[in-house]
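Numbering (the working numbering), first residue to last: 191 to 521.
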């Protein structure tokens, strides 16, 4: 069903959230260098180049990593640009071709010095160029986790493509299980650890895993609320939680968004309670863990700020929509 309303009222997802907007002072220079780097590979046609430039992933990186060094920020900018490229390419592919594209990406990450074959998908040389530079400044632990999480992202993108092929719309639980990988935030969290060497038993501690899971779900819910209006125009069966909730609960878009917002606030409260109850190891590890989890929480802030400041979801109207929290449903 479709909503009969003319407007959607957006929730205030920063209400009660302590991580305030901050931006890396190297934003403009590093973001420009990263965008120029990607464009030199000429991976886009004119239409997708315009979309890429409107997204301004350098802004997102600079909001998500406000204290990063220039090299660290460059790695973050390049990573987000790479993930966007993979996402855009795979969105146009069937499941089998998405798997082939993903295999190219994983081979380039696992073999960053291997010459790429002539005529290969552009993803190979782009990801290889990114990782050859970024991996040199990454700890072994964060680098290994990054590669593992990109593999999980690739696997989920292939499943998403299979859903498109069969016009399959998942229920909410199944959707969230898949979306936790297709949103691609775990590699982004790994970039937070670039200068750390957190042991596996620390990263895999149940309290740390829970906080990461809570933030991931907050990012999913926020992203799907903000992107719903443009995704429903592009796809009658969008990979979007609002559409899933509308079908499962037999409700209109506003009711679905209101329900998702209530779920979001519950996640927020649980994250903040967990952040105040971090486990302890040694003074050095405790310092890194607090910095890491703060960064995970700051990703929530960065995503929301970027959603309004870029032209990804709201075009040039982000500032006005943020103030009114009202958006017209596109016909």
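Every residue gets a Cβ at the ideal spot worked out from N, C-alpha and C, and that includes glycine.
Query, Result
"So the candidates are 375, 224 and 519; which of them puts its Cα closest to the Cα of residue 337?", "375"
"Residue 347: which of 493, 476, 371 and 504 sits nearest, CA to CA?", "371"
"Between the stretch 494-502 and the stretch 249-262, can you find at least three pairs of beta-carbon atoms closer than 8 Å?", "yes"
"For residue 329 and residue 408, which I take to be in contact (beta-carbon distance under 8 Å), what is that distance rounded to the nearest angstrom?", "In fact, because the Cβ distance is near 26 Å, the residues do not count as touching under 8 Å."
"Could you tell me which uninterrupted alpha helix (DSSP H) segments, each at least 4 residues in length, are contained entirely in the stretch 381-408, listed from first to last along the chain?", "390-393"
"Starting from the N-terminal side, write out each stretch of the alpha helix (DSSP H) that is 4 residues or longer and does not extend beyond the stretch 221-273.", "236-245 and 247-254"
"Reducing DSSP to helix, strand and coil, say where residue 504 ends up.", "coil"
"Indicate the three-state DSSP secondary structure (helix, strand or coil) for residue 203 in the structure shown.", "coil"
"Excluding the 5 residues flanking residue 373 on each side, which residues of the same chain have their C-beta closer than 8 Å to its C-beta?", "406, 409, 410 and 413"
"How do the stretch 195-209 and the stretch 448-458 stand: do at least 3 beta-carbon pairs fall below 8 Å, yes or no?", "yes"
"Taking contact to mean 3 or more Cβ pairs, one atom from each stretch, closer than 8 Å, check whether the stretch 339-357 and the stretch 280-289 are in contact.", "yes"
"Let me check understanding here. Comparing Cα to Cα, which of 419, 434, 443 and 223 lies closest to residue 271?", "223"
"Could you check where the beta strand (DSSP E) with residue 516 kicks off and where it finishes?", "516-518"
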